[in-house]
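Peer 1:
Numbering (this note's numbering), first residue to last: 23 to 218.
#1: In angstroms with no decimal places, state the Cα-to-Cα distance between residue 68 and residue 94.
#2: Express the C-alpha separation of residue 45 and residue 36 in angstroms, rounding to a whole number.
#3: Buried or exposed for residue 79, please, with buried defined as at least 16 other CB atoms from any protein chain shown within 10 angstroms of its CB.
#4: Pick out the complete beta strand (DSSP E) segments inside the stretch 68-96, 3 residues or longer, and give them in chain order.
#5: Tell me the start and end of each unbroken alpha helix (DSSP H) in the stretch 107-156 that is at least 4 residues and wholly inside, in chain order.
#6: Could you round the C-beta distance between residue 196 and residue 210 to whole angstroms and report it? I think they count as a contact, below 8 Å.
#7: Quick check on residue 213: buried or exposed, where buried means 16 or more other Cβ atoms within 10 Å of its Cβ?
#8: Could you tell me the boundaries of the alpha helix (DSSP H) in which residue 44 lies?
#9: Does residue 173 come out as helix, strand or coil in the three-state DSSP assignment?
#10: For residue 58, which residues does DSSP report across the bridge?
#11: Within the chosen definition, does the stretch 82-92 reach the stretch 130-140 through at least 3 CB pairs nearer than 8 Å?
#12: Can you tell me where the alpha helix (DSSP H) with residue 38 in it begins and where it stops?
#13: When DSSP labels each residue in this structure, what does residue 165 get in the three-state scheme?
#14: Quick one, which of 181, 177, 70 has its alpha-carbon nearest residue 162's?
#15: Write down the C-beta distance between residue 176 and residue 107 rounded to the nearest angstrom, noting that I regard them as a contact closer than 8 Å.
#16: Among residues of its own chain, excluding the 5 on either side of residue 113, which ones have a beta-carbon nearer than 6 Å to its beta-carbon?
#17: For residue 100, which of helix, strand or coil comes out of DSSP?
#18: What residue range does the beta strand (DSSP E) around residue 189 cover?
#19: Quick check: residue 64 and residue 98, are their CB atoms within less than 7 Å of each other?
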């Protein structure tokens, strides 16, 4: 799909794309720069095992690889700035990373965290908490953000019904929609002066 600024957003797969196990998201398509992948673009593609992004893609929408159960290799671009909710949920790639680590971080964006943690401290290299990272995590009680976190995505803590304590160590510039919705145990959140 061509955008008003003459850039391209990938919205889905062609018949050939659905048949391929390896997908390459190009930097250019028909002479225009590819800057985004729309939400749901590859959702439920059970054939894909590998995805490579060429440099230039800045944004990936919600549920892009949700339920791509055979997907085991993803090469994200350094240009990536925004990641939607549940982008890698229920993929082999996500499962393998959470077996060896408590979290998945791509380009300083926190994408996923193990669900069985009652307390979690955001690592120092994270500057953004992706949308829905802790969504419906009912065991999480305390979250401590590092001083570098600038943005928290939509629904990041939504449904965290045991969350009582949120420590914002730095100056958050943006908090997404419904970030703390249905956090029924949450009593207070201190927000700094930098919030836009």
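Where a beta carbon is used, it is the ideal one built from N, C-alpha and C, also for glycine.
Peer 2: The structure says:
#1: As a first step, residue 68 must be located in the chain shown, where it is residue number 46. As a first step, residue 94 must be located in the chain shown, where it is residue number 72. Taking the straight line from one Cα to the other gives about 11 Å.
#2: Taking the first residue of the chain shown as 1, we reach residue 36 at position 14. Taking the first residue of the chain shown as 1, we reach residue 45 at position 23. Using only the alpha carbons, I get a separation of about 11 Å.
#3: Mapped onto the chain shown, residue 79 falls at position 57. Residue burial annotation: residue 79 is buried, with at least 16 other C-beta atoms found within 10 angstroms of its C-beta.
#4: Residue ranges of uninterrupted beta strand (DSSP E) with 3 or more members, entirely inside the stretch 68-96 and ordered along the chain, are 72-75.
#5: If you keep only unbroken alpha helix (DSSP H) runs of at least 4 residues inside the stretch 107-156, you get 114-122.
#6: Residue 196 sits at position 174 when you count from the first residue of the chain shown. Residue 210 sits at position 188 when you count from the first residue of the chain shown. That belief does not hold up - the Cβ atoms of residue 196 and residue 210 are roughly 20 Å apart, past 8 Å.
#7: Taking the chain shown and counting its residues from 1, one reaches residue 213 at position 191. So residue 213 counts as exposed.
#8: Looking up residue 44 in the chain shown gives position 22. Here residue 44 belongs to no alpha helix (DSSP H); instead the beta strand (DSSP E) covers 44-47.
#9: One-based indexing of the chain shown puts residue 173 at position 151. Strand, per DSSP.
#10: As a position in the chain shown, residue 58 is number 36, starting the count at 1. Answer is 31, 81, bridged to residue 58.
#11: Judged by Cβ distances under 8 Å, the stretch 82-92 makes no contact with the stretch 130-140, as fewer than three pairs qualify.
#12: Along the chain shown, read from residue 1 onward, the residue named residue 38 stands at position 16. From DSSP, the alpha helix (DSSP H) with residue 38 extends over 37-41.
#13: Translated into the one-based positions of the chain shown, residue 165 becomes position 143. Strand at residue 165.
#14: Locating residue 162 in the chain shown gives position 140, counting from the first residue. Comparing Cα-Cα distances from residue 162 to each of 181, 177, 70, the minimum goes to 181.
#15: By one-based count along the chain shown, residue 176 stands at place 154. By one-based count along the chain shown, residue 107 stands at place 85. Between residue 107 and residue 176 the Cβ distance is about 7 Å, and since that is below 8 Å, they are a contact.
#16: Within the chain shown, numbered from 1, the residue matching residue 113 stands at position 91. 87, 90, 93.
#17: In the chain shown, residue 100 corresponds to position 78, counting from 1. Three-state result, residue 100: coil.
#18: By one-based count along the chain shown, residue 189 stands at place 167. 187-190 is the span of the beta strand (DSSP E), which, as asked, contains residue 189.
#19: Counted from its first residue, the chain shown places residue 64 at position 42. Counted from its first residue, the chain shown places residue 98 at position 76. No, they are not a contact pair.
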